[in-house]
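Residue numbers (UniProt numbering): 1 to 112. Even for Gly, the Cβ is constructed at its ideal location relative to N, Cα and C. As the structure is a computational prediction, the values presented were derived from the model and not from experiment.
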Amino acid sequence: MNLAFCHTVRLKFKQISSVDESLVMACLGQLEYVDRIHFESKKSIISFRYDASQLELDIVIDVLDALGIRLYRDSYWWRCKLAFVYYLERNIRSNARHVPHCCGKPPNGLRR
């Protein structure tokens with residue numbers, strides 16, 4: 001996991017209290033680029049850190065969706081927060097793929 005491109009996400013979900021915490025931890029722990037999983041069942045919040053250059057947030061959400069955990073999209077605040085998380089992920093991913101145009105060498109005309 002490249003720590004330069006790690007992103008910590010804290011998202012609210014529906015029906016999280018009915019799901020076993022150890023099952024969620026095990027399923028997210030099997031994903032290669034996910035760590036620091038924290039489960040708050042009283043607030044229905046799961047927070048985790050993942051390498052955004054290697055793993056998309058949609059894959060993590062699909063894993064949780066397969067367990068019966070749905071994203072909380074009922075309030076405007078959480079929809080805005082989710083949109084911002086996707087924006088940050090796109091930004092991190094594009095920065096990870098960026099190839100710099102120069103590596104510190106002088107231009108060809110100045111070398112002798």
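Rank the options by C-alpha distance to the C-alpha of residue i and give the top, closest one.
{"i": "residue 89", "options": "25, 58, 27, 69", "result": "58"}
{"i": "residue 10", "options": "93, 99, 96, 71", "result": "71"}
{"i": "residue 23", "options": "55, 41, 67", "result": "67"}
{"i": "residue 8", "options": "38, 77, 75", "result": "38"}
Quick one: give me the first and last residue of the beta strand (DSSP E) that residue i is part of.
{"i": "residue 10", "result": "6-14"}
List the endpoints of the continuous alpha helix (DSSP H) containing residue i.
{"i": "residue 73", "result": "Residue 73 -> no alpha helix (DSSP H), and no H or E assigned at all."}
Give me the Cβ distance between residue i and residue j, rounded to the nearest whole Å; I'm assuming they're in contact under 8 Å.
{"i": "residue 44", "j": "residue 12", "result": "6 Å"}
Task: Cβ contact check for the segment 16-34 and the segment 48-56: 3 or more pairs under 8 Å - done: At 8 Å Cβ cutoff, the stretches touch.
Task: Whole runs of the beta strand (DSSP E) within the segment 23-66, excluding any shorter than 3 residues - done: 34-40, 45-51
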